[in-house]
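Heads up: the sequence shown at position 87 corresponds to 87 in the numbering used here, and the numbers run straight through without jumps.
From the three backbone atoms N, C-alpha and C, an ideal C-beta is built for every residue, glycine too.
Since the structure is predicted, the reported quantities are computational estimates derived from the model, not experimental observations.
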Amino acid sequence: MGQGAKKGLVFHLPASWLTQDGKEIPPFYQKAFEGLDGLGVPYKTIVLDRERVLQRIDADECFHLINHGNTPHPRALMVGLAYLYPFWHVDPKGIRAFSSIGETRFRPGQIDGDTAREFLTGLRHKWVEPRKSRYEQQRQIAEDLPEGATAVFLQSEKYRLVEETCFMDCWQMIEACLEADQGPVVVKPHPLDLDQDTYERLVEMQNQHTDLHISLDNIHDILDSCERVVTINSAVGIEAYMHRKPVILCGQSDFHHIADVARSPAALTELLKQEPSGRVHAKFLYWYFAQNCVNAGRGNVARQILRKVRAAGYSLE
């Protein structure tokens, strides 16, 4: 983007990505830049400085795209992976739990059923059938999981974006599931957050409750065998939808539309005692990903981004 240009796009990216060869830049952005070059749209990249983001936006008339951003502005969109590759948030409010999708009304009657089912089939072919997830999973098929369990998936509460969205902590969540007394409770710790203290506390709880099972098995084996899923707002909720399993969320989320939401341990216990209602999982997943996210698997990433920019009310002319 020329120095005198008043209009254009500015991408705020981590300094580690902006090396001379650009090899660290994720394919999503590489596709975006190639498309913008082809369309003749002016843009530039700058080092992401979270403390000065708003100041830098106000200093020009450009439109800004902020990697993992959380600073809404009329001339900015927040960018980040939307749980499952190749779908990305390019959103005016934030990413994942903070995205504007959470405030958008889901109207299943406006979604074509055949299109949605075909979309779900594609997701299952990519993730469920090969038993793949965002993080590395056990390849060995689980053989000793109890059938019809409540599956509780933990996630790290050390990170700000999780801590700020919890309605209860993980221990309250597990205790509430045991209190419901609805059969086996399978707990899967987060693969990146299984420290010694967490594991020892889980073992102590398991010794006190015969219905509690700690599992490090493949997430899809657990989802396949369980009756319902409980999590704060982990991506496992999306994966549970792919298995057409009912979900109870215990934190702020942008995919709550077809889940039950427990805002306290007592509410979680009560929800588990109730029969879950049927949900339109295929239509929701199609609406969430195909209609609200940018699909980096398609060749027109730049055009998809520009549609989001125009929807925010910005003109490049």
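Hey, how far is the Cα of residue i from the Cα of residue j?
i      : j      : result
Asp224 : Asp197 : 29 angstroms
Arg160 : Gly69  : Because Arg160 carries a pLDDT of 46, less than 50, the predicted location of this residue cannot be relied on, and no value is offered for it.
Ile174 : Val247 : 15 angstroms
His243 : Val128 : 8 angstroms
Glu270 : His190 : 25 angstroms
Ala142 : Asp169 : 28 angstroms
Trp287 : Glu103 : 14 angstroms
Gly237 : Gln182 : 20 angstroms
Val301 : Gly38  : 12 angstroms
Arg201 : Ala149 : 21 angstroms
Tyr314 : Lys6   : 13 angstroms
Arg279 : Lys245 : 9 angstroms
Gly122 : Phe63  : 34 angstroms
How many whole angstroms separate the CB atoms of residue i and residue j, which I take to be in contact at a CB cut-off of 8 angstroms?
i      : j     : result
Pro72  : Lys93 : 5 angstroms
Leu18  : Val41 : With 8 angstroms as the limit, Leu18 and Val41 do not qualify as a contact, their Cβ atoms being about 19 angstroms apart.
Arg303 : Gly35 : 7 angstroms
Under a Cβ-count criterion, where at least 16 other Cβ atoms within 10 Å of its own Cβ denotes burial, should residue i be classed as buried or exposed?
i      : result
Glu239 : buried
Gly251 : buried
Ala32  : buried
Asp254 : buried
Thr210 : exposed
Ala116 : buried
Lys188 : buried
Leu216 : exposed
Ala59  : exposed
Leu154 : buried
Gly363 : Since the displayed the chain opens at 1 and closes at 317, residue 363 lies outside it and no answer follows.
Ala97  : buried
His125 : exposed
Taking 8 angstroms as the threshold (beta carbon to beta carbon), is residue i in contact with chain B?
i      : result
Arg105 : Structure shown: chain B not included; a single protein chain is present.
Let me make sure I understand the geometry here. Which of the options has the alpha-carbon closest to that of residue i?
i      : options                       : result
Thr231 : Val261, Ala15, Val53, Glu143  : Val261
Leu84  : Phe63, Asp60, Leu120, Ala59   : Leu120
Glu275 : Leu13, Trp171, Thr45, Ala259  : Ala259
Ala82  : Arg310, Arg307, Lys7, Gln291  : Gln291
Pro265 : Pro146, Trp171, Asp91, Ile219 : Trp171
Lys308 : Gln55, Met78, Leu54           : Met78
Phe11  : Ile57, Ala312, Ala176, Asp195 : Ile57
So for residue i, helix, strand or coil by DSSP?
i      : result
His190 : coil
Arg160 : Interpretation of Arg160 is limited by its pLDDT of 46, a score under 50 that renders its predicted location unreliable; the figure taken from the coordinates is listed afterwards. It is helical.
His73  : coil
Val230 : strand
Lys308 : helix
Tyr43  : strand
Asp91  : strand
Ile66  : strand
Gly4   : Only weak support exists for where Gly4 lies, its pLDDT of 45 falling under 50; the value from the coordinates is given anyway. In this structure, Gly4 counts as coil in the three-state DSSP scheme.
Asp37  : helix
Asn300 : coil
His213 : strand
Phe11  : strand
Thr165 : coil
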